[in-house]
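Chains as they are written, first to last, in our numbering: chain A, 1 to 143; chain B, 144 to 286; chain C, 287 to 429.
One structure is given below, encoded as C-alpha cells.
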Amino acid sequence: MTTTTPTHYQTTIRLRTEGKSLGRFTNQVQEAVKESGVQTGLCSIFLRHTSASLVIQENADPDVLKDMENFFSQLVPEGRDYRHSTEGPDDMPAHIRTALTHTSEQIPIMNGRLALGTWQGIYVWEHRQRSHTREIVVHITGH
Amino acid sequence: MTTTTPTHYQTTIRLRTEGKSLGRFTNQVQEAVKESGVQTGLCSIFLRHTSASLVIQENADPDVLKDMENFFSQLVPEGRDYRHSTEGPDDMPAHIRTALTHTSEQIPIMNGRLALGTWQGIYVWEHRQRSHTREIVVHITGH
Amino acid sequence: MTTTTPTHYQTTIRLRTEGKSLGRFTNQVQEAVKESGVQTGLCSIFLRHTSASLVIQENADPDVLKDMENFFSQLVPEGRDYRHSTEGPDDMPAHIRTALTHTSEQIPIMNGRLALGTWQGIYVWEHRQRSHTREIVVHITGH
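Structure (C-alpha cells):
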C-alpha cells in the first residue's frame, strides 16, 4: 500500500523504421520511465498503426530478428489472392502480421526501471516494404 | 504529475456476434471512456471467452476483414484431426485462433478520447460458426 | 469515482515448467490479487522470457492443451534452416511461438477477484524441450 498519489504520465515516441524488419527501442522507453519519475508502476506501450506491430524479443543475436522476419514472410506470403490490394502486395500481409503479433504491451516498473528479463528487448516491427515513421504512445502509471 | 486522485472505472459491454467474422465496437469503448470522465489515462479491454478474440485493425476497407478471416480459416483448418472435437469441427480452431490473436488490449486515453491512430478500429473476432453473445470488460484508470 | 488512494502492488511468481506444454497458474494469480487487497482494479501479468509465453485459454478439457501444442509444433517446425541455432533446434521456434502468442496479459479485478470468464484459465506456455524456471511479474493497481 502506498500513501502517495499515483501519477499518469504520457509521452509519444516517433520512430523511423526500415522496411520489413524489427527495430529495437528499449532505451527510448526506459528514458520515458526515467522522465516520469515512477519507481513502482506499469509502463504501457501502444502502437498507433495497423501495418506494423510490437514484440518483446531476444536482444542479443541479430540472427533471431532475421529468422523471425523470414518466418513471417513465408507464413503470410505476398503472392496470395487478397481482395484488399490497392496499396500494394505487401499491404494485406502487413495487416495479418500485425494481428498475429501485438499492438499493445505492458511492462511492470520496479525501482524506477522496466522489469524486463535479461534477454528481452522492445521492438517495433515494420511489416511494409518501405520505411515509415511510426508513433508509439507510452503511458506510465505508478508512484 | 497530477494532484487529483486517479479513478478506476469498470463497465461490461455485451455484443452479439455473427459467425466467423470481425465486428467493430470502437464507439462503445469510446462511450465508456466518456462515461468515466477520465481525460488522461489508460483503457483496458478484456474479452471473457476462449473462442473469440480482440484485434485492433484497419477501419476503412471491409475487404481487409474478409481477407483476415480467409487467411485464418486456411491457417487453422477445421478438417484437422483434433482430439478436442465434441463441440464441433470449429471449436478447436477457435481456441487456436484466439491464442494467435488477443484476449486483452490497452489503449491510452488523451484529452478524454482513445489515442487510436487514424485507421485503427477495435474489433471482436468471432471464431465459431454460429452467432454468440460475447462479454467485454472495459477497465479505465486515470484522472 | 473513488475517494480512496489507489495502490500499486507487485509480486513475482516463479514456475517450474515441463518441456513444450502449457501449465495453468490461475490460482497463484488469484492469490496475489487477494494479497493486494484490491477490490476494483486491473491485474497485469508479465513473463520475463523470450522462449515461453502467456495465454488465457480453456480450463476444462486437457485435450485442448495437447491440440494447441501439436498445432504450434507443426506451424513452427524445428527442422527449418534457421540462422540462430546454436542453442538447439527448439530455440528459434520457441522465439517465434512467443511472438505469435503473448508476453503480457491484463485482467480486470471485480469484487476482489479476477474477472475471468467461466472457461478461462491463465497459462504459461513452455516452448523449449526442457524444463525451465520461469518468472512472472504480477502488477496490481486499484483500490
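Even for Gly, the Cβ is constructed at its ideal location relative to N, Cα and C.
Exclusion of the five residues before and after A318/C leaves T297, V424 as the residues of its chain whose Cβ lies within less than 6 Å of its Cβ. When CB distances to chain C are screened at a threshold of 7 Å, the residues of the segment 69-88 of chain A falling below it are F71, in chain order. Interface flag for H294/C against chain A is set, since a Cβ pair is found closer than 8 Å. Nearest to L328/C by C-alpha distance, out of P394/C, E412/C, W411/C, is P394/C. R366/C carries a coil assignment under DSSP once its states are collapsed to helix, strand and coil. When the Cα atoms are used, T427/C and S247/B turn out to be separated by approximately 16 Å. Unbroken alpha helix (DSSP H) runs of no fewer than 4 residues, entirely contained in the segment 20-54 of chain A, are found at 26-36, following chain order. Nearest neighbour of G255/B by Cα position, chosen from T148/B, S179/B, Q272/B, turns out to be S179/B. Here Q392/C is bridged, per DSSP, to S330/C.
Assigned with DSSP and collapsed to three states, R128/A falls in coil, not helix or strand. Three or more beta-carbon pairs separated by less than 8 Å link the segment 353-371 of chain C to the segment 64-74 of chain A, which places the two stretches in contact.
Exclusion of the five residues before and after G19/A leaves E126, R128, Q129, R130, S131 as the residues of its chain whose Cβ lies within less than 8 Å of its Cβ. Restricting attention to Q74/A, G79/A, D61/A, A99/A, the CA atom closest to the CA of E373/C is found in D61/A. If you draw a 10 Å sphere on the C-beta of R334/C, you find 16 or more other C-beta atoms in it, and that means buried. Excluding five sequence positions before and after V315/C, the CB atoms of its chain that fall closer than 7 Å to its own CB belong to C329, I331, L400, I408, V424, given in chain order. The Cβ atoms of I239/B and V219/B lie closer than 8 Å to each other. Closest in alpha carbon position to N27/A, among T133/A, H143/A, Q120/A, is Q120/A. Put simply, of T7/A, Q106/A, F25/A the residue whose alpha carbon is nearest the alpha carbon of V124/A is F25/A. If you draw a 10 Å sphere on the C-beta of P149/B, you find 16 or more other C-beta atoms in it, and that means buried.
The shortest CA-to-CA distance from V324/C to any of L340/C, E421/C, H294/C, R302/C is the one to H294/C.
Burial check for R159/B: the Cβ neighbour count within 10 Å stays below 16, so the residue is exposed. Closer than 8 Å to the CB of F168/B there is not a single CB belonging to chain C.
Burial of Q106/A is indicated by the presence of at least 16 other C-beta atoms within 10 angstroms of its C-beta. Any Cβ of chain C closer than 8 Å to the Cβ of T148/B would place that residue at the interface, and such an atom is present. Between the alpha carbons of F215/B and T419/C lies a distance of about 33 Å. For T193/B against T244/B, the beta-carbon gap comes to about 12 Å, at or over 8 Å, which does not count as contact.
When DSSP states are grouped into helix, strand and coil, E373/C belongs to the coil group.
From the listed residues N213/B, G222/B, P236/B, the smallest Cα separation to P93/A is found for N213/B. Rounded to whole angstroms, P89/A and S164/B show a C-alpha spacing of 23 Å. Annotation for E135/A: the continuous beta strand (DSSP E) segment containing it runs 133-142. Within the segment 36-65 of chain A, T40, G41, L42, V55, I56, Q57, E58, D61, D63, V64 place their CB atoms closer than 7 Å to a CB of chain C, listed in sequence order. Per DSSP, reduced to three states, the secondary structure at T291/C is coil, with no helix or strand assignment.
Neighbours of Q392/C across chain A, judged by C-beta separation under 8 Å: Q106.
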